[in-house]
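Here is the structure we will look at.
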Amino acid sequence: MQEIIGIAGMGYVGLPLALHLAKNYKLIGYDISTRRIEQLSLNHDWSLEHTPEELKAVKIEYTTDESRLKEATFIIVTVPTPVTKANIPDLTPVEKAAEAIGRNIQKGAVVVLESTVYPGVTEDVMGRIIERVSGLKMYEDFKLGYSPERINPGDREHAIDKVIKVISGQDEPTLERVSAVYSSVCKAGVYKAANIKVAEAAKVIENTQRDMNIALMNELSKIFRKIGIQTKDVLDAAGTKWNFQKFSPGLVGGHCIGVDPYYLTHRAQELGYNPDLILASRKTNDSMARHVVELAGEQLNIAGKAVKNSTILVLGVTFKENCKDCRNSKVAEIISELKKKGANVLVHDSFVMDEPEMVQHEIGVSLTPFEKISKLDQVIIAVSHNQYKKLTAADLKKWMPDKPLLIDIKNTLNRKQLEADGITVDSF
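The working numbering numbers the first residue of the sequence shown as 86 and each following residue consecutively.
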């Protein structure tokens with residue numbers, strides 16, 4: 086049987102998956118966003134992850150009409166899984182997708198969830214909703230699978246066809262159907278997890294591990310600062326040992342690493358276990374935006390200035406370098422805290438200058454083009470976009486002719502060279 090594939094969610098995860106699967110299958114790309122579907126129908130991806138040529142190269146039937154899912158024998162769900170302001174998992178997108186599928190699912194279909202969730206959500210939440218809405222019986226009339234996404238925005242080296250894909254299914258025949266679909270595009274192969282909960286857990290610990298490793302680096306950076314040595318120098322030295330795992334300190338935002346650990350801790354607490362280490366890591370990483378503001382204040386004070394009434398340029402607002410995604414960016418907190426302290430904050434981001442509405446919605450600021458920037462007291466490189474790596478001491482001195490001050494969070498520029506050129510530099 087040749088599967089007809091429907092993908093619910095045409096965002097950072099769903100679109101690249103659709104582009105690959107459409108080479109081998111009839112593909113229906115469903116999304117609730119009319120704007121998103123209109124743009125994709127015109128071969129435009131606002132994230133710039135995919136070129137018009139790539140979009141034109143395959144046939145995908147984009148739609149906002151959920152009834153088109155009736156045609157699909159194999160449905161993949163790629164919707165966001167955020168948390169609330171209280172850091173409680175918000176499964177609303179998964180629940181809404183399950184309801185739409187339930188209204189349209191055909192008997193015998195397989196539904197695979199790719200979104201990051203805590204173990205149990207695929208069957209106990211998504212599956213039960215589909216069952217209730219459709220009137221069909223899970224295990225008998227439709228089957229479930231889970232295959233966690235491993236998309237890294239801005240990273241072409243680790244695209245879906247180049248990484249191993251973890252897959253799972255409710256039974257062996259379902260697992261084989263899931264394997265057949267993903268094996269058609271995953272050249273690196275698939276890994277068959279023991280069951281759905283194992284696959285769900287594998288995904289959530291991938292990002293939890295990374296979050297905790299970065300938290301360790303962030304804590305070390307605070308310690309080394311008090312000692313009077315530079316974290317980068319320490320990591321470069323320690324990195325010469327064969328089994329040293331090199332991570333770097335920095336802001337942890339976005340919709341994955343800073344969010345997913347809360348799914349695991351939520352489930353652990355429901356089961357009566359308090360995951361102290363994971364939560365401590367989250368607390369450490371969430372403190373780093375305020376730490377940047379503290380560094381900025383200290384640097385200004387040493388120069389005989391104060392945050393209040395200073396004009397500070399923040400470079401970068403996306404949650405990571407070289408991507409257009411501003412969701413849950415910790416730079417928003419830096420800007421907010423600086424403004425609370427009375428600073429005049431200018432903001433520039435080379436990747437989203439053409440998306441002012443999105444930046445205003447996600448970050449709450451307007452962007453300033455380089456040509457309108459002058460007479461600054463301090464510059465903060467918050468995101469290491471490639472364009473900012475080209476900045477020179479001359480550029481900084483043009484903006485700050487008197488006592489040029491730079492906070493370079495992730496050592497985007499050569500600190501030693503800048504200091505030799507008269508720039509005062511601080512970093513994590």
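We treat Cβ as the ideally placed atom computed from N, Cα and C, and that holds for glycine.
Inset, instruction - Count the other CB atoms, across all protein chains shown, that sit within 10 Å of the CB of residue 329; report buried if there are 16 or more and exposed otherwise. - result: Taking all protein chains in view, the Cβ of residue 329 is surrounded by fewer than 16 other Cβ atoms within 10 Å, so the residue is classified as exposed.
Inset, instruction - With DSSP as the reference, please indicate the residues paired to residue 250 in a beta bridge. - result: Residue 250 is bridged to 275.
Inset, instruction - Return the CA-CA distance between residue 344 and residue 166, expressed in angstroms with no decimal places. - result: C-alpha separation (whole angstroms): 8 Å.
Inset, instruction - Return the first residue and the last residue of the alpha helix (DSSP H) that residue 257 is part of. - result: For residue 257, the enclosing alpha helix (DSSP H) stretches over residues 257 to 268.
Inset, instruction - Express the C-alpha separation of residue 210 and residue 307 in angstroms, rounding to a whole number. - result: Across the structure, residue 307 and residue 210 are spaced so that their CA atoms are roughly 41 Å apart.
Legend entry - Residue from 399, 445, 404, 415 with nearest C-alpha to residue 493: That would be 399, whose Cα lies nearest to the Cα of residue 493.
Legend entry - residue 111, enclosing beta strand (DSSP E) - first and last residue: Per DSSP, residue 111 is one residue of the beta strand (DSSP E) stretching across 111 to 115.
Inset, instruction - Would you mind working out which of 471, 484, 465 sits nearest residue 512, comparing C-alpha positions? - result: Just measuring C-alpha positions, the residue of 471, 484, 465 sitting nearest residue 512 is 465.
Legend entry - Short Cβ contact (7 Å threshold) for residue 448 with residue 428: No.
Legend entry - residue 429 - containing beta strand (DSSP E), residue span: Counting along the chain, the beta strand (DSSP E) containing residue 429 begins and ends at 429 to 433.
Legend entry - Proximity below 7 Å, CB of residue 161 to CB of residue 117: Contact: no.
Inset, instruction - Within the same chain, show all residues whose beta-carbon is closer than 8 Å to that of residue 342, passing over the 5 residues directly before and after it, in chain order. - result: Same-chain partners within the cutoff: 292, 295, 296, 299.
Inset, instruction - Please report the residue range of the alpha helix (DSSP H) in which residue 347 lies. - result: It spans 345 to 355 - the alpha helix (DSSP H) in which residue 347 sits, taken as one unbroken run.
Legend entry - Paired residues, beta bridge with residue 93 - DSSP: According to DSSP, which records beta bridges pairwise, residue 93 is partnered with 115, 162.
Inset, instruction - May I ask which residues mark the beginning and end of the beta strand (DSSP E) holding residue 502? - result: Segment 500 to 505 is the alpha helix (DSSP H) holding residue 502; no beta strand (DSSP E) there.
Inset, instruction - Could you name the residues of the same chain whose beta carbon sits closer than 7 Å to that of residue 121, not counting the 5 residues immediately before and after it, in chain order? - result: Within the same chain, 95 come within 7 Å of residue 121 by CB-CB distance, once the 5 residues on both sides are set aside.
Inset, instruction - Could you have a look at residue 227 and say whether DSSP puts it in helix, strand or coil? - result: In the three-state scheme derived from DSSP, where H, G and I count as helix and E and B as strand, residue 227 is classed as strand.
Legend entry - Residue range of the unbroken alpha helix (DSSP H) whose run includes residue 179: Unbroken alpha helix (DSSP H) run through residue 179: 177 to 189.
Inset, instruction - Identify which residue in 326, 376, 202, 460 has its Cα closest to the Cα of residue 480. - result: Among 326, 376, 202, 460, the Cα nearest to that of residue 480 is on 460.
Inset, instruction - Specify, as a first and last residue, the run of the beta strand (DSSP E) that residue 197 falls within. - result: Element bounds for residue 197: 195 to 198.
Legend entry - Counted within 10 angstroms of its Cβ, other Cβ atoms place residue 409 as buried (16 or more) or exposed: Result: buried.
Inset, instruction - Report back the beta-carbon spacing between residue 436 and residue 407 to the nearest angstrom; my notes put them in contact at under 8 Å. - result: That belief holds up - the Cβ atoms of residue 436 and residue 407 are roughly 7 Å apart, short of 8 Å.
Inset, instruction - Inspect the CB distances between the stretch 323 to 338 and the stretch 254 to 266 and report whether three or more fall short of 8 Å. - result: Counting Cβ pairs under 8 Å, fewer than three are found: no touch.
Inset, instruction - Between the Cα of residue 275 and those of 251, 287, 266, 290, spot the shortest distance and give me the residue it belongs to. - result: For residue 275, the nearest C-alpha among the options comes from 251.
Legend entry - Cβ pair count under 8 Å reaching 3, the stretch 267 to 287 against the stretch 225 to 234: Output reads yes: the stretch 225 to 234 touches the stretch 267 to 287.
Legend entry - residue 145 vs residue 193 beta-carbon contact at 7 Å: With contacts defined as CB atoms closer than 7 Å, residue 145 and residue 193 fail to qualify as a contacting pair.
Legend entry - DSSP-derived helix/strand/coil call for residue 398: The three-state secondary structure of residue 398, taken from DSSP, is strand.
Legend entry - Spatial distance of residue 391 from residue 385 (CA atoms): Between the C-alpha atoms of residue 391 and residue 385 there is a straight-line separation of about 5 Å.
Inset, instruction - Starting from residue 461, trace the alpha helix (DSSP H) both ways and give me its first and last residue. - result: Run containing residue 461: none; DSSP gives neither H nor E here.
Legend entry - Exposure label - residue 169; buried when at least 16 CB within 10 Å: Exposed, by the Cβ-count rule.
Legend entry - Integer Cβ distance of residue 583 from residue 244, believed to fall under 8 Å: Lying before the first or after the last residue shown, residue 583 is absent from the chain, which here runs from 86 to 513.
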